[in-house]
Each structure stands twice: as structure tokens, then as C-alpha cells.
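J.:
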Amino acid sequence: MHIIYRENQEQREHETLSEEASFADESEGRARSTEPDILRNDYQRDRDKILHTKSFRRLSHKTQVFLAAEGDHFRTRLTHTLEVSQIARTIARALGLNEDLTEAIALGHDLGHTPFGHTGEEALSMCIARHRGVRIDGSEGNLLYRHNEQSLRVVEVIENGGKGLNLTPEVRDGIICHTGSLRAETYEGRIVATADRIAYVNHDIDDAIRAGVLRESDLPASTHEVLGPDHSSRIQTLVLDMVETSAARDDIALSEGVWDAMSELRRFLFDRVYMAPVVMAEVRKAMHLIGDLFDYYVEHIDEVPQEYRAISDGDDLRAVTDYVAGMTDRFAKSLYQDLFVPQSLHR
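Read left to right, the sequence shown gives residues 21 to 367 (the working numbering).
1. Using 10 angstroms around the beta-carbon of residue 136, count the other beta-carbons present and answer buried if the total reaches 16, otherwise exposed.
2. Considering only C-alpha positions, which residue in the set 84, 72, 188 is nearest to residue 121?
3. What span of residues does the alpha helix (DSSP H) with residue 314 cover, start to end?
4. I need the boundaries of the alpha helix (DSSP H) containing residue 236, first residue and last residue.
5. I believe residue 124 touches residue 191 by the beta-carbon criterion, under 8 Å. Please report the beta-carbon distance rounded to the nearest angstrom.
6. Residue 281 and residue 247 look like a contact to me (Cβ under 8 Å); what is the Cβ gap, rounded to whole Å?
7. State the DSSP-derived secondary structure class of residue 96, mapped to helix, strand or coil.
8. Specify the secondary structure class of residue 54 as computed by DSSP and reduced to three states.
9. Measuring alpha carbon to alpha carbon, tell me which of 96, 54, 288, 139 ends up nearest residue 300.
10. With distance defined between alpha-carbon atoms, name the residue in 245, 172, 271, 360 nearest to residue 193.
11. What first and last residue would you give for the alpha helix (DSSP H) that runs through residue 262?
12. Taking C-alpha atoms, which residue in 229, 104, 115 lies nearest to residue 39?
13. Just confirm the distance between the C-beta atoms of residue 84 and residue 65, as a whole number of angstroms; I'd bet it's less than 8 Å.
14. Among 42, 25, 23, whose alpha-carbon lies nearest the alpha-carbon of residue 377?
15. Let's see if you can read the secondary structure: which residues bound the alpha helix (DSSP H) around residue 64?
16. When the Cα of residue 357 is compared with those of 179, 23, 152, 313, which residue comes out closest?
17. Quick one: using the 10 Å Cβ neighbour count with 16 as the cut-off for buried, is residue 233 buried or exposed?
18. Should residue 111 and residue 255 be called a contact, given that it needs their Cβ atoms to be closer than 8 Å?
19. Please specify which runs of the alpha helix (DSSP H), each continuous and at least 4 residues long, are wholly inside the stretch 21-48, giving them in chain order.
20. Put residue 348 into one of helix, strand or coil per three-state DSSP.
21. List the whole-angstrom C-beta distance separating residue 118 from residue 63, where the pair is believed to meet the contact cut-off of C-beta under 8 Å.
22. Can you tell which of 275, 156, 228, 236 has its C-alpha closest to the C-alpha of residue 214?
23. Return the residue from the list 130, 344, 180, 284 that minimises the CA-CA distance to residue 100.
24. Buried or exposed: which applies to residue 225, given that a residue is buried once 16 or more other Cβ atoms fall within 10 Å of its Cβ?
25. Between residue 227 and residue 350, is the Cβ-Cβ spacing less than 8 Å?
26. Spell out the partners DSSP gives residue 83 in its beta bridges.
27. To which residues of the same chain is residue 265 closer than 7 Å at the C-beta, ignoring the five residues directly before and after it?
28. Skipping 5 residues on each side, what residues in its chain have a beta carbon closer than 6 Å to that of residue 303?
Structural data, given as C-alpha cells:
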């Protein structure tokens, strides 16, 4: 048995990874210089920093889709993150890219997600717009709060008492570019962006079936033909297609037919799951809850924890946004009950 020091690992990367990989010893460096770790390279350190944050721990109590799910087997934002990491690492490994960088980006990509899933993201956008006197329609391209931007703010500013985590630029780029029209500079970051979609499209179907909202047979026949007849087959098809297509194109991509099939499933989910009556009933409650909490803390800014006010640069809306965005579902519900429900009605 022998010790593999950081330098040995960095040398091994150059010996075993593809020339297109992001090498840890070629990182652009951190904003604040630090002494190299004895055992871990820079991307491994970033992964570990993210794992030890309060924001990462809170993901276990943040909703993915089903806001009032009964049962222990529905996804949370944390289990979604772990599924993204697993899928992304499999793809990175098969392509000879950097697993450590891929994992760090995947674990950090949703740190800025709100309570109550994307409903919370829309609710916060509406709150910010109302208090700024701006009109928005709530569409994805018109949001004033975007979770990828907040994820970056978490690692750059909010964590570590306002100092941030001092992550490498490659990890921060992958976090901000994991959604929307932004495209990561590294192949590893691009992998996470697509792995994120592969993960949520498939596990949201799985959860919808578990909740009784869908049956497997309800899915479009065309997607069954292209991607396979069940959850496991779909993921295997998507991952293998992404590996083979990326290798052929020297870029990160799915083949056109497989991408179109996944996109069709995403549209199907919006029509049949995300807008389903059982989901929308809880969405309305969550929108109301977040709106009331946001308004309350704007009016009572002194009750926002000092750690958020200290990093807001005097912007009360920024402080309230950071505070509410970081809440878990159950903490937000508990606060709402304490603030707005008479004690005599508490159970």
C-alpha cells in the first residue's frame, strides 16, 4: 500500500484523461490564493467544500415536484442532485473527462434552489417584481429570480459567513451555465447541464407514476420507441447516446432523434404532471405562502437574520430574497404557521 499524493493524482490525470479534459493543475486559479492540499487536487477540494455547506444539507428538505407528497420515496432536491452527479460522472468517465470537476459542478448546481421547487423560483420572481414595481408574466425567460444565479451567489457570497467558498472558476462556470441558454466553457460543465435534464425528465416521470398521476402506458408511444419502455431503459439509452454522439462530434451532445424524444417527454411532463390539478392545488398554496413570507420580512427587515443583511449591501430585497430562498419547505411552513396562523389553530 502506498500514498497517492495530489501531485501523483495530477500526473495521473495527464496520463489517463482525454486531451479535451479539464486538468486540475491547469485550473485558472482561485480568487483568493490558498496553499495546495497534500492529498486532494483543486476540483476535489471544491467538491468537498460544497458537500460541507449548510446549503447542500438543506437540499434534503427541498421539494422536487410533488409539494405535499405522501411517502418516503419521492425525490427531493438532494436526491435529484445525487442522480445528476451519478449520470454526469458516468458520461465524463466514458469520455475520458474529469470526474472530479464534473462531480463538483453537479453537487453545486442547485444550491440556490428555493423551497417548493420551481414554484418557489416563480413566486420569488413575482415578489421581487411587485416590490420593484416591475411587471412580469412569470414565464421562464422573464424571471427576476433564477436558481442558477442564486447557486453561484451561494458559493461566492452567502456561504462561509459571507466569504463564499473560493471555488475554482471552472466549477463556478459550470454552476451558472447548467441551465438556460448559457453554455459552459468546459466539457464537464456541459455534461452536467444535459445530465440535469436527463435526470429530472426521468425521475419526474417515475415520481408521477408513484403518485398515481401517470401510468407508464400514458407516455407518448414515439418516446417509447426511441428511448425504451421503462425508466431504466430510458436512462441507459440517453447516457449511451450522449457518450457516443459526443465522442463522434468532439463536443457534448445528444443525437437529434434522442434529443427530440427527451424534449417531447419534457413537454408531456408540463402538460400532464407539472400542470396537473393535484400539483397545481399545492402550487397555489406555495405561491401564497412564499408571497406572504416575503412581504412580511420586507416590512420587518430587522427580523431577517443578520448574516443575510450583512451581505446585502443595504438592499433589503436582496436580504429577504437570500433568506427566503435558502429556506427548506418545512421551515417555510413552520414560519408561516408561527407568523400567520393563530396559536389556537395550531395542531
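For each residue, glycine too, the CB sits at the ideal point set by N, CA and C.
Since this is a predicted model, take the numbers as computed values, not measurements.
T.: Put simply:
1. With 16 or more neighbouring CB atoms inside 10 Å of its own CB, residue 136 falls in the buried class.
2. Here the closest residue by C-alpha is 188.
3. Element bounds for residue 314: 297-319.
4. Careful: residue 236 lies outside any alpha helix (DSSP H) and carries neither H nor E.
5. At roughly 5 Å, the Cβ-Cβ gap stays under 8 Å, so residue 124 and residue 191 are in contact.
6. Confirmed, Cβ separation roughly 5 Å.
7. Residue 96 sits in a strand when the DSSP states are folded into three classes.
8. In this structure, residue 54 counts as coil in the three-state DSSP scheme.
9. If we check each option's Cα against that of residue 300, 139 comes out closest.
10. Looking at the Cα atoms, 172 is the closest of the given residues.
11. Per DSSP, residue 262 belongs to the alpha helix (DSSP H) from 251-269.
12. Of the residues 229, 104, 115, the one whose Cα lies closest to the Cα of residue 39 is 115.
13. Not really, about 28 Å apart at Cβ, beyond 8 Å.
14. Past the boundaries of the shown model lies residue 377; the chain is included only from 21 to 367, so the question cannot be answered.
15. Run containing residue 64: 62-71, per the alpha helix (DSSP H) assignment.
16. Ranking 179, 23, 152, 313 by Cα distance to residue 357 puts 313 first.
17. Counting Cβ neighbours within 10 Å, residue 233 comes out buried, since at least 16 surround it.
18. Cβ atoms of residue 111 and residue 255: not closer than 8 Å.
19. Within the stretch 21-48, the complete alpha helix (DSSP H) segments at least 4 residues long are 26-36, listed from N- to C-terminus.
20. Three-state result, residue 348: coil.
21. Cβ atoms of residue 118 and residue 63 come within 8 Å of each other, at about 7 Å.
22. It is 275.
23. Taking only the C-alpha atoms, the option nearest residue 100 is 130.
24. The Cβ neighbour count for residue 225, taken over all protein chains shown within 10 Å, is at least 16; the residue is labelled buried.
25. Cβ distance not < 8 Å, so residue 227 and residue 350 don't count as in contact.
26. In the DSSP output, where bridge partners are listed per residue, residue 83 has 96.
27. Excluding sequence neighbours, residue 265 sits near 273, 274, 275.
28. The beta carbon of residue 303 sits closer than 6 Å to those of 139, all from its chain and outside the five residues before and after it, given in chain order.
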